[in-house]
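Report on the following structure.
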Amino acid sequence: MISLLWILLLPLFMPGLISRVKAIMVGRKGQSLLQPYYHFLKLLRKDEVISSSASFITRLAPSIALSATLCAALFVPVGRSSSLLSFQGDFILVLYLLALAKGIMVLAAMDSGSSFEGMGASREISFTAFLEPAFMLIMAGLIFTSGFTSLNSLLDSYIINNHEVWSLVVGAFTIFALFIMLLVESARVPFDDPNTHLELTMIHEVMILDYSGFSLGLIHYTAALKMLIYASLIAQIMIPQNAQWHMGWYLLCVLGLGLVTGIVESMMARFRMNRNLELVLVPLSISVLAIAALIARSLGGW
Amino acid sequence: MSIGFLILFLAIIPALWKRSGLFSILWLLGSGIIAFEYLEVIYSRTVQDFLISFPYPIGTANIGISKLSAFFGTVFAIGLPLGMLYGHFYLKQHPSEGIRSHLFWLGILGLSMHGILWMKHSLLFLMVWELMSISSFFCVIHDRQQSLKAGLNYIITMQIGAAFLMVGFGLMFILTGSFDFNGLENMPRLPMYLLLIGFAFKAGFVPLASWLPQAHPVAPAHVSGMMSGLMIKAGLYGIILILLTNAFSLWEILVFCLLSIISAFWGVIHAMVSTNIKKVLAYSSIENIGIIGIGLCVGLLGKDAGIPAMATLGFAGAFLHIFFHSMFKALLFYLSGNVLVASHTLEIDKLGGLAKSMPFTAVYFLVGTIAISALPLGNGFISEFTILYGIFHAMGANDLPAMVFGAVLLSVLAFVGALALIAFSKLFAIIFLGEARQEEARNAQECPRGMRIPQLVLGLGILATGGIANLGLRFVKPILRWMALDMTMIRDFQTTLNQVSIVLAIVVLLSALLYLIRRMCVRESISATWGCGYQKPNPRMQYGSYAFVHPLSYFLKPFILFSKKQKQGDMAKGINPINSMEAVDPIFKYIVEPVSKAMSWFFELFSHIHNGKTNSYIAWCLGFLILIIIWVLGVR
Chain X
64 MISLLWILLL PLFMPGLISR VKAIMVGRKG QSLLQPYYHF LKLLRKDEVI SSSASFITRL
124 APSIALSATL CAALFVPVGR SSSLLSFQGD FILVLYLLAL AKGIMVLAAM DSGSSFEGMG
184 ASREISFTAF LEPAFMLIMA GLIFTSGFTS LNSLLDSYII NNHEVWSLVV GAFTIFALFI
244 MLLVESARVP FDDPNTHLEL TMIHEVMILD YSGFSLGLIH YTAALKMLIY ASLIAQIMIP
304 QNAQWHMGWY LLCVLGLGLV TGIVESMMAR FRMNRNLELV LVPLSISVLA IAALIARSLG
364 GW
Chain D
10 MSIGFLILFL AIIPALWKRS GLFSILWLLG SGIIAFEYLE VIYSRTVQDF LISFPYPIGT
70 ANIGISKLSA FFGTVFAIGL PLGMLYGHFY LKQHPSEGIR SHLFWLGILG LSMHGILWMK
130 HSLLFLMVWE LMSISSFFCV IHDRQQSLKA GLNYIITMQI GAAFLMVGFG LMFILTGSFD
190 FNGLENMPRL PMYLLLIGFA FKAGFVPLAS WLPQAHPVAP AHVSGMMSGL MIKAGLYGII
250 LILLTNAFSL WEILVFCLLS IISAFWGVIH AMVSTNIKKV LAYSSIENIG IIGIGLCVGL
310 LGKDAGIPAM ATLGFAGAFL HIFFHSMFKA LLFYLSGNVL VASHTLEIDK LGGLAKSMPF
370 TAVYFLVGTI AISALPLGNG FISEFTILYG IFHAMGANDL PAMVFGAVLL SVLAFVGALA
430 LIAFSKLFAI IFLGEARQEE ARNAQECPRG MRIPQLVLGL GILATGGIAN LGLRFVKPIL
490 RWMALDMTMI RDFQTTLNQV SIVLAIVVLL SALLYLIRRM CVRESISATW GCGYQKPNPR
550 MQYGSYAFVH PLSYFLKPFI LFSKKQKQGD MAKGINPINS MEAVDPIFKY IVEPVSKAMS
610 WFFELFSHIH NGKTNSYIAW CLGFLILIII WVLGVR
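Protein sequences appear in the order of chains X and D. Quick note, the first sequence lines up with residues 64 to 365 if you use the numbering used here. Quick note, the second sequence lines up with residues 10 to 645 if you use the numbering used here.
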């Protein structure tokens, strides 16, 4: 139950942290860390303005996206406490639930008939083509060390052994690939700039231009939750084997990831839009490398 | 069983009197009885076999049904009557003169599809197979003008496929001396390859699938639904028949793997860039055949590597996908018929905003979209889940080919699934969302209720088999057991599927809850779409179908051939320049068309024989007789 509380409360902390880090990096004081929470609660109290082109998809999409993402998050372990749900092979369901959330939001973006939103939708959905196989291969890689089980025990029994080169290399590959996936999926620089002022150059933000009020609140929350899912996956891999304070390590890793994301955002410019996809291939190619290394190792190395 | 078939035969009589209503009712009735009895065959051990004596050269023929054919029979018996029913209402909207022959051939098509499952004698099998090809050809060319060319392409392709089958069965007869299907066990390689190629023509494996995107767009909606959802499964039936009774070397499995991967990839990238609804669906059939092939490969690889769980789940996933694909593909094709009836066009870039004028069609299409892009809640997810689940068993199993090809198939399945999501979110979004792009779509009206009945049934079926994940597996399990696969892990897998169902239920309940909260607490006000400061947006400015897939199609350029057309405009005269771009099928353009041109050139050489002069005909006859006499005397 505690992990459910963490899953429900923690997500909105990440965007706050990132924007604070970015503000400090450019020498501003920045907003309160809890600002996204206030914003979320404010949005929930508001009424909505709906586009005249909108059909039932617009009204339905945010709730489906949030519940699918939330159900996916229930499979992700938080700290020591195991995930709320788990069964053998549940990560396939997690991946496809995230795809469902993404698909329905893309449809909602097309629903308004705005060409800007269509642009965002088309860019957002193109990323899935390379991220889904990458996620599958990363999971396949974890299976090599822990056997075919649930996401929870896969991450739990995955150990980066400091004294073995293979494990270090594969672990580093996996973490790097997941980190890039985190940047892409949560719409962060260098793939997407959430703070840009031109609709032409946005991805996630432009998809939700016509949302307001309650629905917009749900969408913001969904986006933050998705980021937390990826951050938790990375954190679980990074927790040392015999750590005493699992929850502490977990929080440290998640917040550290927020920090790193903020620093990356401050240091880098957004990549060229039409070449973004080439960079989204990076996690896929890294995971291919990782799985090649694992296959080689399981056959006795060379 | 015989009563059911009797009713189906009787259905031809109202067809001759143009009574399509009675025709479809008889089909519903007969198929109900047949489906029930097929299920009895699947779940019990009673197998009905008849030995029937025919005159020479057929001899004693074995006509009967195995669990495998009963499985396909059930799929046909569920899908066909729904197609006939849809056809009844669809033909009402599209009245034409040829309805008598159309209904007749429709009946023959359905009967021959059931028929090939019974034939265990290669000559009879070939006869019924030909009947199926010919009757489907006549069904395709329902409206004679536009469809004739594509229809001819289809029938010729089918004849080439049948030629492979004939040679294969002929070789089998020479080698074993019998026409019986028992000879299919442990076949010599050459006839086996020929048979596999012949069946692959029907199933639609790349590079033999160029007839699918040609024939489907011109066929009536119910015919393409039945052909794509059901008839191509007859080809798969043949392939599986051979796969089950022969042992394969690793190399052969890998070649099959590669072909399946290419089919899936090829199909989906062309589905992504096509702009005709039915073309998208036809290409997606190729993709799904590829996915079924991948499932079969996983099964074969598992057998080869000695990983029983992988083998069982691979075959289970393939069978599930056969069943589910027959549902969602048929549904989507029937819905394309709705769109055609309402807007008189299949070009998606002319449509838009139909969700508001055709809410039922839109909801059913959304269900089909979810199923075909393998998203949870649809049944496509369950079959892909099963295949993926099987592949994951290969990881860390210390078998190099299983691991390497497992990893490859894994990423291909995920990649193809994502591309299918793109293709079908494009299709749904451009047709149903936003604003109408042209006049046709603006005046669209919801279709009459009758057309929606089969769609409702199929849609509910998709949601039921997708939501209650075990339902499909229950249907497939007896066949897996009959195939002597290892069933020890199926129980665990069923628990897993139950857990999947629970999670899906949570998703549905949670979203319903959120939706209700929003409905209760939030007041909506309607306003124009935010134009980002632009004051006069119009529907043509919406994102189009090509723009939507542009990021990826740009990336996949090496695999897709675009033909660009440019027409110079003259601004002074007010003629706008027109640039258009269309994806063309390289196989069709560079293989099928040149070959058919060469063939017609060759046959043209003999066209002088037919010159209309009686005396020259007599001369040909005389010459032929002389040749025969020489041959007979020479042989003596």
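We put the beta carbon where it would ideally sit given N, CA and C, even for glycine. Quick caveat, the model's predicted, so the values are computed rather than measured.
- Between the segment 147-162 of chain X and the segment 393-404 of chain D there are three or more C-beta pairs closer than 8 Å, enough to call the two in contact.
- In this structure, the straight-line span from the alpha carbon of Thr-623/D to that of Val-137/D is close to 38 Å.
- Straight through space, the alpha carbons of Pro-197/D and Ala-256/D are spaced by roughly 11 Å.
- Identification of residues in the segment 467-485 of chain D having a C-beta nearer than 9 Å to some C-beta of chain X yields an empty set.
- Classified as exposed, Val-264/D has fewer than 16 neighbouring CB atoms from the shown chains inside 10 Å of its CB.
- In the DSSP assignment, Leu-60/D falls within the unbroken beta strand (DSSP E) covering 58-62.
- Taking Ala-478/D as reference, the option from Lys-242/D, Gln-544/D, Gly-389/D, Met-412/D with the minimal CA-CA separation is Gly-389/D.
- Listed in chain order, the alpha helix (DSSP H) runs fully inside the segment 348-393 of chain D are 363-366, 368-381, counting runs of at least 4 residues.
- Counting only runs of 4+ residues, the alpha helix (DSSP H) found wholly inside the segment 92-124 of chain X occupies 98-107, in chain order.
- Judged by DSSP in its simplified three-state form, Asn-585/D adopts coil rather than helix or strand.
- Contact of Phe-277/X with chain D is assigned, a C-beta pair being separated by under 8 Å.
- In the DSSP annotation of this structure, Asn-507/D is not part of any beta strand (DSSP E); the continuous alpha helix (DSSP H) holding it starts and ends at 499-530.
- Between Glu-262/X and chain D, the shortest Cβ-Cβ separation is below 8 Å.
- Taking 8 Å as the upper bound for CB-CB distance, Gly-247/D and Phe-208/D are in contact here, some 4 Å apart.
- Pairwise C-beta distances place the segment 314-326 of chain X out of contact with the segment 169-177 of chain X, as fewer than three of them are shorter than 8 Å.
- Spanning the alpha carbons of Leu-506/D and Thr-497/D requires a straight line of approximately 15 Å.
- Scanning its chain for C-beta atoms nearer than 6 Å, with the 5 sequence neighbours on each side dropped, one finds around Thr-354/D the residues Glu-449, in chain order.
- For Ile-354/X, at least one C-beta of chain D is nearer than 8 Å to its own C-beta.
- Every alpha helix (DSSP H) of 4 residues or more that sits fully in the segment 107-162 of chain D is shown, in chain order, as 108-127, 131-149.
- Arg-333/X has a beta carbon lying at 8 Å or more from every beta carbon in chain D.
- The Cβ atoms of His-130/D and Phe-188/D sit closer than 8 Å to each other.
- Close partners of Glu-448/D in chain X (Cβ separation under 8 Å) are lacking, with about 17 Å as the shortest Cβ gap.
- Residue range 69-73 is occupied by the beta strand (DSSP E) that includes Asn-71/D.
- Close CB contacts of Ala-411/D within its chain, under the 8 Å cut and outside five residues either way in sequence, are with Leu-310, Gly-311, Asp-313, Ala-314, Ile-316, Met-319, Ala-403 (chain order).
- In summary, Met-64/X is exposed, with fewer than 16 beta-carbon neighbours lying within 10 Å of its beta-carbon over all protein chains present.
- Looking at the DSSP output, Ser-534/D shares a beta bridge with Val-112/X.
- Rounded to whole angstroms, the gap between the alpha carbons of Gly-377/D and Ala-521/D is 20 Å.
- Beta-bridge annotation (DSSP): Met-336/D is not paired with any residue.
- Within 8 Å of the CB of Ser-534/D, the CB atoms of chain X belong to Asp-110, Glu-111, Val-112, Ile-113, in sequence order along the chain.
- Burial state of Asn-347/D is buried, judged by a 10 Å Cβ sphere holding 16 or more other Cβ atoms.
- Of all alpha-carbon atoms in Phe-80/D, Gly-234/D, Ile-21/D, Gly-443/D, the one lying nearest the alpha-carbon of Gln-551/D is that of Gly-443/D.
- Per DSSP, Ser-329/X lies in no beta strand (DSSP E); the unbroken alpha helix (DSSP H) holding it starts and ends at 309-330.
- One thing to note: Ser-269/D has its Cβ no nearer than 8 Å to the Cβ of Phe-333/D.
- The alpha-carbon of Ile-238/X is positioned some 28 Å away from that of Leu-565/D.
- Secondary structure at Ala-592/D: strand, using DSSP grouped into helix, strand and coil.
- Under the DSSP assignment, Phe-484/D falls in the alpha helix (DSSP H) whose first and last residues are 479-491.
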